[in-house]
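Chains as they are written, first to last, in our numbering: chain D, -19 to 419; chain F, 2 to 185.
For glycine and all other residues, C-beta sits at the position ideal for the given N, C-alpha and C.
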């Protein structure tokens, strides 16, 4: 084909918006072929939240998949531009709501890099962060596997997965005060130290979850129905993954051991002993196996964290008075609040401390002008944060590279040419979280 | 909306109301409908620990045509609003709505261009459940409260009178701050 012919050739046109239903139906009629256009979502029990898929079917075969996102657009990035750097944590934790601690950690790492204080964050805070993130990875993968089972019609998997997840959530509640949307990891460290008895609880929970995961593996890994619905389904090879920017368990199921915890360590991950599980099948079953193995590795990391925290003493917030949140929380009769000792100090003995507290809490700290990118390995892949600062107390722009969003674009490559029933397995194996996709 | 709604008023109706209310509240079928963080806690309410099946509610209905409870679990974006309305319209009468979490109740912390400031702009809400997200136990509490309400619901003409009474009570309700003598 010559260059002129190439230019004259009709260009296939893909609208970013799927378009009006009447137009889609009219064009299907006009094409004269026997195609069925099916609208799946946004309210569909197995699209992981409010994802809308428009499938063109030829009998049972999927000819074309187009996605429409934005049904959960919450304006989080825009809202963050009107809040201080510290308040931003409360917003970004609600993006990918199954992995709130990863959102917080990525954002906090970015703010610390912007401030140039990344190496002054206390050691104890970093270990607590790692422990919380790994526990969160387990709870997130448990939901991924639980909903995977549910969407393939196995509610036993769902109930068992959620039972194990409850154990993690109870631990979170003990440490952060809430089950989800923690706001626990803040720029400069973590908001408060571990409460008494937390390490014993984590030790116990690790043992319980290890047992639970073994039970789940027994239930699923060799289950003939599960295996026949996932093996060689939703195939995407390494080349496809890399071309589409896919990360996380989906990439690792295609054979590349790419994990930011190893390749670009943060929070001291280089000092922990763990492996990156890899499968070479590139199918939905491989992704399931990767997630199962990752939970085992996370448990190993949590155990190492507990060991370190038992002997590691020190602050959990940066010592810099201009950045570190001034007050610690304490449990009172009416719930969590500022510690009475801190209130006594600022109200009773130190005028300077009162002014300092007031300025930092109402106005916040200033970050120097510039832009940074920080990324963590979330349960779904590379979660990146791009922050731009004008030198003020608020971000000029906060942008998130959410792995769910990037991974979702691999869906047509996985589904087209396959069976319509396998679309469900493909979506479930990607494990997209619409809160992260739409933000 | 069966034959019980067409019964003439009279001495029998009280017992029929009780039976209809008991039957309705004992087997409420929620629509499988989740939006955001709260949806995960709603699923957690169905796990063996919280056990929604105790209330005859473990059967989440994938089609709104067979559901009589809509739990709006999460933030309602402008793009999702018409979808929620069409789901609600597809549900058969009688139907109930729980606004789960602060986002569905009032917009919550997301007071911005993207989020509808409370799902009651779109559908009538029976129970507002605060929390971000509310824990599964709180959802169970909201459901039990809704059950009480369903159990006491009247039928036919008496229902219209009950709704009118509730409406006028809500309109003449004095907020606590005013009852105490204005803003303090």
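- Residue environment: residue 27 (chain F) is assigned as exposed (fewer than 16 neighbouring CB atoms within 10 Å of its CB, all protein chains considered).
- Burial state of residue 119 (chain D) is buried, judged by a 10 Å Cβ sphere holding 16 or more other Cβ atoms.
- Residue 252 (chain D) does not reach chain F, its nearest Cβ partner there being about 28 Å away, counting only Cβ pairs nearer than 8 Å.
- Spatial neighbours of residue 59 (chain D) in its own chain (CB-CB distance under 7 Å, excluding positions within 5 residues in sequence) are listed in chain order as 71.
- By DSSP's assignment, residue 381 (chain D) forms a beta bridge with D:364.
- In chain D, no part has a C-beta under 8 Å from the C-beta of residue 129 (chain F); the shortest such distance is about 19 Å.
- Counted as a single uninterrupted DSSP element, the beta strand (DSSP E) harbouring residue 99 (chain F) occupies residues 97 to 101.
- Within chain D, the residues 50, 51, 53 have their CB atoms less than 8 Å from the CB of residue 80 (chain F), given in chain order.
- Annotated three-state conformation of residue 83 (chain F) is helix, per DSSP.
- One alpha carbon belongs to residue 161 (chain F), the other to residue 123 (chain F), and they sit about 22 Å apart.
- When DSSP reads this structure, residue 11 (chain D) sits in no beta bridge, so it has no partner.
- Contiguous beta strand (DSSP E) elements confined to the stretch 222 to 288 of chain D do not occur, taking only those with 3 or more residues.
- Within the DSSP secondary-structure output, residue 45 (chain D) pairs in a beta bridge with D:35.
- Under DSSP, residue 170 (chain D) takes part in a beta bridge, and its partners are D:165.
- The Cβ atoms of residue 414 (chain D) and residue 122 (chain D) do not sit closer than 8 Å to each other.
- The beta carbon of residue 51 (chain F) sits closer than 6 Å to those of 137, all from its chain and outside the five residues before and after it, given in chain order.
- CA-to-CA, the gap between residue 146 (chain D) and residue 195 (chain D) works out to about 16 Å.
- Note that the C-beta distance between residue 230 (chain D) and residue 31 (chain D) is not below 8 Å.
- Check the Cα spacing between residue 381 (chain D) and each of D:9, D:405, D:362: the tightest is with D:362.
- The C-alpha of residue 101 (chain F) is placed about 5 Å away from the C-alpha of residue 130 (chain F).
- Look at the stretch 160 to 194 of chain D: the residues with a C-beta under 7 Å from a C-beta of chain F are 160, 161.
- Taking a C-beta distance under 8 Å as the contact criterion, residue 258 (chain D) and residue 245 (chain D) do not qualify as a contact pair.
- Taking all protein chains shown into account, residue 281 (chain D) has 16 or more neighbouring C-beta atoms within 10 Å of its C-beta and is therefore buried.
- At a cut-off of 8 Å between C-beta atoms, residue 279 (chain D) does not count as an interface residue with respect to chain F.
- Looking at the DSSP output, residue 62 (chain F) shares a beta bridge with F:32.
- The Cβ atoms of residue 356 (chain D) and residue 89 (chain D) sit closer than 8 Å to each other.
- Shown in chain order are the members of the stretch 107 to 128 of chain F whose Cβ falls below 9 Å from a Cβ of chain D: 110, 111, 112, 113, 114, 115, 116.
- Within the DSSP bridge table, the entry for residue 375 (chain D) names D:369 as partners.
- Between residue 360 (chain D) and the set D:100, D:339, D:274, D:299, the nearest pair of CA atoms involves D:274.
- Along the stretch 19 to 45 of chain D, going in chain order, the ones with a CB nearer than 7 Å to a CB of chain F are 22, 23, 25, 29, 30.
- Of F:84, F:53, F:68, F:169, the smallest CA-CA separation from residue 25 (chain F) is found for F:68.
- Put simply, the backbone Cα of residue 0 (chain D) is about 45 Å away from that of residue 92 (chain D).
- In the structure shown, residue 130 (chain D) adopts helical secondary structure according to DSSP, grouped into three states.
- Ranked by how close their Cα comes to the Cα of residue 29 (chain F), the residues F:167, F:173, F:166, F:149 have F:149 in first place.
- Interface with chain F (8 Å Cβ-Cβ cutoff): residue 198 (chain D) is excluded.
- Distance from the CA of residue 62 (chain D) to the CA of residue 340 (chain D), rounded to the nearest whole angstrom, comes to 16 Å.
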